[in-house]
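For reference, the structure discussed in these notes is given below.
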Amino acid sequence: MTIQSALSGRSKRWGHPGAFMQAVTNMLDPATDAEKAARFASLSRDDRIFHVVLAQQFDTQSIEELCQLSEMIRKIASHRQGNLFLQTLLSDRRAMLYFIQPSTRTFMSFTAASQILGMGYNSVRDPSTSSETKGETEDDTIRVLSQYFDVIIMRHPVEGFAEHVADILNGIPRTIPVVNGGSGKDQHPTQALLDIYTLFKCFTEHNTDTPLTEYSGNPFAGKTVGFVGDLKRGRTVRSLTYLLCRYPGVRLMFMSPPELQIGPDILEYVQRNGIEYEICDELESHIGELDAIYVTRLQDEHDVNGESKSIDYYKFALTHEMAGRFKADLAILHPLPRRHELDPRLDALPQAKYWGQVRNGMWMRSALMAYIFRVDGTIRDHYRNYYAF
Amino acid sequence: MTIQSALSGRSKRWGHPGAFMQAVTNMLDPATDAEKAARFASLSRDDRIFHVVLAQQFDTQSIEELCQLSEMIRKIASHRQGNLFLQTLLSDRRAMLYFIQPSTRTFMSFTAASQILGMGYNSVRDPSTSSETKGETEDDTIRVLSQYFDVIIMRHPVEGFAEHVADILNGIPRTIPVVNGGSGKDQHPTQALLDIYTLFKCFTEHNTDTPLTEYSGNPFAGKTVGFVGDLKRGRTVRSLTYLLCRYPGVRLMFMSPPELQIGPDILEYVQRNGIEYEICDELESHIGELDAIYVTRLQDEHDVNGESKSIDYYKFALTHEMAGRFKADLAILHPLPRRHELDPRLDALPQAKYWGQVRNGMWMRSALMAYIFRVDGTIRDHYRNYYAF
Amino acid sequence: MTIQSALSGRSKRWGHPGAFMQAVTNMLDPATDAEKAARFASLSRDDRIFHVVLAQQFDTQSIEELCQLSEMIRKIASHRQGNLFLQTLLSDRRAMLYFIQPSTRTFMSFTAASQILGMGYNSVRDPSTSSETKGETEDDTIRVLSQYFDVIIMRHPVEGFAEHVADILNGIPRTIPVVNGGSGKDQHPTQALLDIYTLFKCFTEHNTDTPLTEYSGNPFAGKTVGFVGDLKRGRTVRSLTYLLCRYPGVRLMFMSPPELQIGPDILEYVQRNGIEYEICDELESHIGELDAIYVTRLQDEHDVNGESKSIDYYKFALTHEMAGRFKADLAILHPLPRRHELDPRLDALPQAKYWGQVRNGMWMRSALMAYIFRVDGTIRDHYRNYYAF
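Chains as they are written, first to last, in the numbering used here: chain G, 1 to 389; chain X, 1001 to 1389; chain B, 2001 to 2389.
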């Protein structure tokens, strides 16, 4: 059963669960390898990712290419002439940012990436200013927007919705790509890409003399990456874990209150990929072992009955007092926004990488747009001609 | 009596009816030919349309020019070099999209058209973020915006408001054009232009060997165009009818529940122009006669006492079952958004022109902007040099 | 005590007064000259204004430079080639318009200025679409935005907030400038700059043969500038007064109901600078003495108990009946929006400068951006080469 068949005859709007949600669940857990292969094929064109929907679409080669490309763009953009070059690349393209869920960071990051590459953009952020109020289905809204724009970047509260949009777009003559900017509690693949770019950057800078733009290999072998906080409901941890499982020799540590531990589907995925991991119910005693720590906030907006209130989340906060036990090369990441789980007094430490991580998102999203529209080769040529040493 | 005199002394905000609405009514139905001539003159400069307010402003020559120009822009925009050329044309202009009524389609269409021609734009969509909350009259808001922008494109709930804005702008030293993107239940001239462009394209492609960019003539002679649905309250049907009445030999069919039939003012206009028409209270038996069908949704947001609920609107739906009786060259149009009156299973048929119609809106609005800012000659020259065969 | 120390340990959101507001109050009235000097130094880089926070930052030299630059940009922008030149200047920069308070005029003015210089921009206008709903502090929001943008332009309801943002930005590695687009009841320095540019323009045109672009001197000597209306709560009057106090020989007249008179801090500042002034409780008898009149509306949104209702504000309205007593060279200004205090029938008089004042805001804000990003020299060179006579 596919989402399309669940929706056949007449499109349904999200918020009406039933058959739709069941179909989504089936999509998220395809029963057979053949189904899975067909699904990834439907998101690609000519052996290249076309619709960016799931973190699992990215293999080590595409991750490495995108990290290199992000780093090249970052360096090119540090000069005015380089910026002017970058702005020519997508100056005849237009992006639609369809962001139905609140977002500052991801939204602004994508708009900045668009401007870096000269791409026009527009947004739908509040359905109340749109034709939805006249009873249009969201499927039709997508079909209409696809007539005006060259890519749809979306954030949406429904799990699996970006994949559904890929199906809609595959079904009309003028198919344009969709990029998932976060859907439901499930996936946030571009966040995972910027996270792994940040880790790539930290680990290669600490361990090699090769600049990241030239680096090829596995910088994660022998490294311990700790995830701390609300791992059950944080989609960024889920998506990043999918990517890290591509790298043999990485060690994962999931530190959270038992009620908020990472889902069994993820653990099963980790195991299946032969990655070593540990489940812990506290942070304090492990802090000295970590090469990277990924701190996350309590996702209490997903509470049903205020169940978060009984959890002692402060046990999973990274405090100023712990700083003495940090490895010198520790990389502290946080997808932000933060609350009390990450002490602002840590901001000044060299280990604090989270503000750079924010900026890396802009470079990675630029790289991803360049990759989708196949101007990555032009960037690499420009970099090799003017910036490589 | 003019809107200005109705408003003299102190500006009034819309929503305060009385004298204002009476003045609007008088404007919409000028008593004498002299009044009518003066009115159209006030919307023109140097024998060219300046303010785009009413569908009636467009004659066969300007319609033909705009359809040709739309088609040229569409073809030029299919190449990167062509896009870069187009983006130079209005790169030193700025558009204000003053869209007080909800809109996705028209709004996005105008922003895409702006980007195609390189024009900057900004928008006011929600008066609550504006100075209106500090008690400014809407007339003053228009005067202020005219200081920052080179054209005001507006959608507004009040009938005749765009014409009132033309009056305001004519009254200040730095007069810029206004474009009506839909006002009240009355007029939606740019929708009418994109509709007639779509019909022009379908009918010339089916019947001639001349490409639309070279075509001069009347492609509507002998064609039957059916309007179906809520014809009373749909402004798109009204505006398109004004344009079709320019073409002798076209035959119009108005199919709707008696309560929702087209207004007597339109029928009177049709008759006065010597156009053959028919009034029908069902669709089923006429489907095989039609060369084009323009399907519209129930406009129940205009209901006063829920009167739509007692109407069997499904009798005026275009269903999948009817497809067998369609002419091979039938063109199905719909201004969108659609509900149940247009079966999604028809989307895959060659007769379904409504997604292309959406995209045509982007080309037509680009053409209109080019025309208003008098760069249409530059586009025609470019097309003749590089694209004509 | 500084804002930072008031906020130390953990950032507080505005809306939680107490220590924060006390710190702000202290900042606004620094106790010693040394404190004051340190404060202005923290807003500058290399002897040039970097963060634009307070009207008091501008001395006669920077005011004169900015007025000249505004006038040059205005003239260059009157030709297409000039516009294309201007658009190259900041084409690799991006502005964040963080406008938490409603605004049309200032917001649109800054976006137009950005477009004039080719600068990309984006905005946050409604915190409900942002991560604030996830519990982020506003300090962190600023830190995040500073990763994506090259300048933050802000309007905010809290007095002193722009200065606090300058502190935040000074505290992170990638420091970008902040521009105060209006904060609380306190300051609106860019409005003051456009006001003084408008006065500069009027007074030099009336009194000298030197074009403003070449003018160096004090055009205010011997001139009487009247402020009328709600002077207590209008931040534009406060900010403009700071600038006018730079010009010996100007005479200021504050005309308002006693309850709404200008604050004693401003009067003390005026006195300290040796500027002659008069306090009046009516307008009528002074109208003939004025070379400029700055009309303001009743700021009743700041009422606590509807106290404005008992005030006869109409005594402080500029009426059509007064026009006969205007000096021929009188310049009428109004920061807009207006209500009843400025009769629309005055719009047609040569003395009405308020629509031009709106447009001047766009030129002045362009000049300010050019100044901050240090491309003002390029503009002056271009002007001298192509436009000077």
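Think of the CB as a built atom: it goes at the ideal place given N, C-alpha and C, for glycine as much as any other residue. All values derive from a computational prediction rather than experimental measurement.
Note that the stretch 2175-2192 of chain B touches the stretch 2147-2162 of chain B; at least 3 beta-carbon pairs, one per stretch, sit closer than 8 angstroms.
Closer than 7 angstroms to the CB of E2136 of chain B there is at least one CB belonging to chain G. Exposure of R1374 of chain X is indicated by the presence of fewer than 16 other C-beta atoms within 10 angstroms of its C-beta. The Cβ atoms of F149 of chain G and G229 of chain G do not sit closer than 7 angstroms to each other. For T2224 of chain B, the three-state secondary structure derived from DSSP is strand. Chain-ordered, the chain B residues with CB closer than 8 angstroms to the CB of Q87 of chain G read S2091, D2092. Within 8 angstroms of the CB of R1338 of chain X, the CB atoms of chain G belong to E136, D140, in sequence order along the chain.
Taking L145 of chain G as the centre and dropping the five residues before and after it, the same chain places the C-beta of M96, Y98, V124, I152 closer than 8 angstroms to its C-beta, in chain order. DSSP places F1040 of chain X in the helix class (H, G or I) of the three-state scheme. The contact set of A2112 of chain B on chain X, defined by CB atoms closer than 7 angstroms, consists of R1094, Y1148 in chain order.
Residues A55, Q56 of the same chain have their beta carbon placed closer than 6 angstroms to that of Y242 of chain G, with the five preceding and five following residues left out of the count. Within chain G, the C-beta atoms nearer than 8 angstroms to that of L1084 of chain X come from S91, D92, in chain order.
Among the residues of chain B, those whose CB is under 9 angstroms from the CB of I1172 of chain X are D2347, W2355, following chain order. Residue pairing by DSSP puts M2096 of chain B in a beta bridge opposite B:N2122, B:I2152. Residue-level contact by beta carbon fails for V1295 of chain X and chain G, as no gap is shorter than 7 angstroms.
Rounded to the nearest whole angstrom, the CA to CA distance from D59 of chain G to L2090 of chain B is 38 angstroms. Here the stretch 2276-2293 of chain B lies against the stretch 2318-2337 of chain B, with 3 or more beta-carbon pairs under 8 angstroms apart.
Scanning its chain for C-beta atoms nearer than 7 angstroms, with the 5 sequence neighbours on each side dropped, one finds around R2365 of chain B the residues S2109, F2110, A2113, T2190, in chain order. Taking CB atoms only, V144 of chain G has a neighbour in chain X less than 7 angstroms away. DSSP links C280 of chain G through a beta bridge to G:M255. Between L1252 of chain X and the set X:L1267, X:K1327, X:G1135, X:L1086, the nearest pair of CA atoms involves X:L1267.
Nearest to V250 of chain G by C-alpha distance, out of G:Y314, G:P157, G:G226, is G:G226. By the CB criterion at 7 angstroms, H1320 of chain X and D1347 of chain X fall outside the cutoff. Around R80 of chain G, the beta-carbon contacts reaching into chain B at under 8 angstroms are D2092. Closer than 7 angstroms to the CB of G2118 of chain B there is not a single CB belonging to chain G.
For R45 of chain G, the three-state secondary structure derived from DSSP is strand. Shown here for L169 of chain G: same chain residues with a beta carbon closer than 8 angstroms to its own, the five before and five after excluded, namely H51, I142, S146, I152, T175, I176, P177, V178 in chain order. Measuring C-alpha to C-alpha distances from Q1115 of chain X to each of X:A1388, X:P1102, X:A1367, X:A1166 identifies X:A1367 as the nearest. Put simply, of B:L2086, B:L2336, B:R2093, B:T2224 the residue whose alpha carbon is nearest the alpha carbon of T2236 of chain B is B:L2336. Taking the CA atoms as reference points, F1107 of chain X sits about 52 angstroms from D281 of chain G. Note on geometry: alpha-carbon atoms of I287 of chain G and Y383 of chain G lie some 39 angstroms from one another. According to the DSSP assignment, I293 of chain G belongs to the beta strand (DSSP E) that extends over 292-295. DSSP places S103 of chain G in the coil class of the three-state scheme, outside both helix and strand. Taking the CA atoms as reference points, L298 of chain G sits about 16 angstroms from G184 of chain G.
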